[in-house]
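This report refers to the structure that appears directly beneath it.
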């Protein structure tokens, strides 16, 4: 997502500074945990992936979905990551958030199972809501999100930004840890969950992307920047 977002904003004339605040680390037990869960997944069952990072880790550890199983993705970026690794995608949630996946899911057949590949710190809403709809959910944490320390140059670039784009709740928490709850920049968020985290932390959100994609983020950045009197 970050590379595409940088390209889109650069094409519009923005000077983009990519300052990663977190990084994803595959969990050591991910391969074995996925193998166990995927063996239980059969015809009519689903493999669901909630992020591009999850898609990359899943497809690096499993060459293909189980025979007869279908594959669901949260958002086009996740779908592209799956397809790029040769996995078919049968369902792409219209809304690029976990709740969008639940909304798009079909009714559960008797014994229907979902293998959910996602971050260890992901919210409980998706497996809980799928289970409430009758699905048996194998919730597999395939990666951890860890803090990425900033060097003085990166911290200075972050502090000098006119607009800061926040693409996850974990990044929101790191932003506050680095610059406090009142950053001078205009803050733009990827979606409602991230905006809620920012608000809980005391950060004012100037705009929330809708749709929750790179294209939606670009539109939100342009809107927020114009409101703040930035740019042409």
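Numbering (the working numbering), first residue to last: 2 to 233. For every residue, glycine included, the Cβ atom is placed at its ideal position computed from N, Cα and C.
Query raised in the report: Helix, strand or coil for residue 30 per DSSP?
Result: If DSSP states are grouped into helix, strand and coil, residue 30 belongs with coil.
Query - Alpha-carbon spacing of residue 7 relative to residue 17, whole angstroms - result: Note on geometry: alpha-carbon atoms of residue 7 and residue 17 lie some 6 Å from one another.
Query raised in the report: If residue 134 and residue 109 are in contact, beta carbons under 8 Å, what's the gap, nearest whole angstrom?
Result: Your pair residue 134 and residue 109 checks out as a contact, with CB atoms roughly 6 Å apart and the cut at 8 Å.
Query - Assumed close pair residue 114, residue 92 - CB separation to whole angstroms, cut-off 8 Å - result: Rounded, the Cβ-Cβ distance is 15 Å, inconsistent with contact.
Report task. Pick helix, strand or coil for residue 170, following the three-state DSSP scheme. Result -> In this structure, DSSP gives residue 170 a helical state, which the three-state scheme calls helix.
Query - For residue 16, the first and last residue of its enclosing alpha helix (DSSP H) - result: In the DSSP annotation of this structure, residue 16 is not part of any alpha helix (DSSP H), being labelled neither H nor E.
Requested in this report: Take residue 199 and list the residues in its own chain whose beta-carbon comes closer than 7 Å to its own, dropping the five residues that flank it on each side.
Outcome: Taken in chain order, the residues that qualify are 167, 173, 188, 190, 206.
Query raised in the report: Are residue 24 and residue 141 close, meaning C-beta to C-beta below 8 Å?
Result: Their beta carbons are not under 8 Å apart, which means residue 24 does not touch residue 141 by this criterion.
Query raised in the report: Going along the chain, which residues of its own chain have a beta-carbon closer than 7 Å to the beta-carbon of residue 83, five neighbours each way excluded?
Result: Correct list, in chain order: 50, 56, 60, 72, 74, 90.
Query raised in the report: Taking the runs of the alpha helix (DSSP H) that are 4 residues or longer, which of them lie wholly in the segment 54 to 97?
Result: Segments of the alpha helix (DSSP H) lying fully in the segment 54 to 97: 77 to 85.
Query - Where the alpha helix (DSSP H) through residue 7 begins and ends - result: Here the alpha helix (DSSP H) through residue 7 covers 3 to 12.
Query - Alpha-carbon spacing of residue 69 relative to residue 112, whole angstroms - result: Take the alpha-carbon of residue 69 and the one of residue 112: they are about 15 Å apart.
Query raised in the report: How many angstroms separate the CA atom of residue 35 from the CA atom of residue 47?
Result: Spanning the two alpha carbons is a distance of roughly 13 Å.
Query raised in the report: Using the C-alpha atoms, what's the distance from residue 222 back to residue 44?
Result: For residue 44 and residue 222, the gap between their C-alpha atoms comes out near 43 Å.
Query - residue 133, enclosing alpha helix (DSSP H) - first and last residue - result: 126 to 133 is the span of the alpha helix (DSSP H), which, as asked, contains residue 133.
Report task. To the nearest angstrom, report how far apart residue 122 and residue 228 are at their CA atoms. Result -> Taking the Cα positions, residue 122 is about 34 Å away from residue 228.
Query - C-alpha gap between residue 118 and residue 144, whole angstroms - result: One C-alpha to the other measures close to 9 Å.
Query raised in the report: With which residues is residue 117 paired in a DSSP beta bridge?
Result: Residue pairing for residue 117: DSSP places it in a beta bridge opposite 49, 140.
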